[in-house]
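Asks:
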Amino acid sequence: MLQQTPVVRVLPVWHEWLKRWPTPAALAGEPAGEAVRAWGRLGYPRRALRLHAAAVAITQDHNGKVPDTYPELLALPGVGGYTAAAVAAFAYGRRETVVDTNIRRVHARLVSGTALPAPALTAAEMRLAASLLPADDGSSVRWNAAVMELGALVCTARAPKCTACPVNDLCAWRAAGEPPPSYVPKGQAWHGTDRQVRGAVVAVLRLAETPVPPDMFFREPADLGFAPAGIGVPLAALHRLNSAPEQLERALAGLIADGLAEMHDGGYRLPA
DNA sequence: GATGCGTGGGT
DNA sequence: TACCCAAGCAT
């Protein structure tokens, strides 16, 4: 849930999940579509799909217990290098080189003297992080947590709180006069994109209690008569986008291809 | 290595 | 109001 999503937005959903599915086996025992529904508006819903798949793998291959080693974690669906290291370190107390966006930024400023880390994680960054990691397990876990928190709360991407920084006298970026970034991060386009349409379609499927006929997506709301219960609002939002039919086609095909949707009784629904 | 993939709070 | 950007991953 925390992948590319702020902690404060994750917390309430996370609590609900753990209440409903206290164990991997509990989640694995339900359809993947239920995971997508419970995901709510966290974004990147295929993460919900992969989390469900991970629960299935843990139930089948790990006797229902989340594995405690980096390579085993890395093999789970939706778990990459960062998540595998973070779980091994923070859940199991292991010494792992945890490198997330916060740690990358702290290292870039404090050590490398640049405003921002490189656009993508580099081998040099991994070597630097590994070289800074304390030798014993307990200290390494504290170090990972501390650097991550420093980046999240003080050494923030925009408007860093340098005057409140406990290590500002060690900061290479500050010492260099806080030079600006050497490149401009290119933001993701959103308005009018396939991605926006896809998000609106998933919003409809998430609230639908029965399969949604293609007409509901492709025809004007006025021509539809009535919509299945509950999806009036997201359906109106989708049509407000005024997207081209080809765009809707691509969104629906993409959702099917990704396993986020399936056809049933001539309509689209989340995987059951 | 580059791309596609959501959403909402902060500035 | 726009734009930034957030505990990344898979292909």
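1 is the number of the first residue of the first sequence in UniProt numbering; add one for each residue after it. Beta carbons are placed, not taken as given, at the ideal position from N, Cα and C, and that holds for glycine.
(1) Can you tell me whether residue 61 sits near the ligand GTP, meaning its C-beta is under 7 Å from at least one heavy atom of the ligand?
(2) Any idea which residues DSSP pairs residue 262 with across the strands?
(3) On the three-state DSSP scale, how would you describe residue 98?
(4) Return the CA-CA distance between residue 109 and residue 173, expressed in angstroms with no decimal places.
(5) Would you identify the three-state DSSP class for residue 212, choosing helix, strand or coil?
(6) Please list, in chain order, all residues of the same chain as residue 92 whose beta carbon is under 8 Å from its beta carbon, the five residues on each side excluded.
(7) Measuring only the C-alpha atoms, how far is residue 107 from residue 246?
(8) Which word fits residue 35, buried or exposed, when buried means at least 16 other C-beta atoms lie within 10 angstroms of its C-beta?
(9) Would you call the CB atoms of residue 201 and residue 251 closer than 8 Å?
(10) Please list the terminal residues of the continuous alpha helix (DSSP H) segment that includes residue 21.
(11) Count the other C-beta atoms from every protein chain shown that fall within 10 angstroms of the C-beta of residue 215, then say buried if there are 16 or more, exposed otherwise.
(12) Going by DSSP in three states, residue 219 sits in which element: helix, strand or coil?
(13) Between which two residues does the alpha helix (DSSP H) carrying residue 83 extend?
(14) How should residue 125 be labelled, buried or exposed, when 16 other C-beta atoms within 10 angstroms of its C-beta is the threshold for buried?
Replies: Per the coordinate set shown:
(1) With respect to the ligand GTP, the structure offers nothing, as it holds no ligand at all.
(2) On the first sequence, residue 262 is found 262 positions in, with the first residue counted as 1. The partner list for residue 262 (beta bridge, DSSP) reads 269.
(3) The sequence position of residue 98 within the first sequence is 98, counting from 1. If DSSP states are grouped into helix, strand and coil, residue 98 belongs with coil.
(4) For the purposes of this step, residue 109 is taken as residue 109 along the first sequence, with counting starting at 1. For the purposes of this step, residue 173 is taken as residue 173 along the first sequence, with counting starting at 1. The straight-line gap from Cα to Cα measures roughly 5 Å.
(5) On the first sequence, position 212 is the one that residue 212 refers to. In this structure, residue 212 counts as strand in the three-state DSSP scheme.
(6) Translated into positions along the first sequence, residue 92 becomes position 92. For residue 92, where only same-chain residues beyond five positions count, the Cβ hits under 8 Å are 68.
(7) By 1-based counting over the first sequence, the position of residue 107 is 107. By 1-based counting over the first sequence, the position of residue 246 is 246. Distance between the alpha carbons of residue 107 and residue 246 is about 45 Å.
(8) In the first sequence, residue 35 corresponds to position 35, counting from 1. The residue is buried, with at least 16 neighbouring Cβ atoms inside 10 Å.
(9) Residue mapping note: residue 201 aligns to position 201 of the first sequence, counting from 1. Residue mapping note: residue 251 aligns to position 251 of the first sequence, counting from 1. Yes, these two residues count as a Cβ contact at 8 Å.
(10) On the first sequence, position 21 is the one that residue 21 refers to. Here residue 21 belongs to no alpha helix (DSSP H), and DSSP marks it neither H nor E.
(11) Here residue 215 refers to the residue found at position 215 of the first sequence. Answer is exposed; the Cβ neighbour count stays below 16.
(12) Along the first sequence, one-based indexing puts residue 219 at 219. Here residue 219 sits in coil by DSSP.
(13) Taking the first sequence and counting its residues from 1, one reaches residue 83 at position 83. Element bounds for residue 83: 81 to 90.
(14) As a working note, residue 125 is residue 125 in the first sequence. Burial call: buried.
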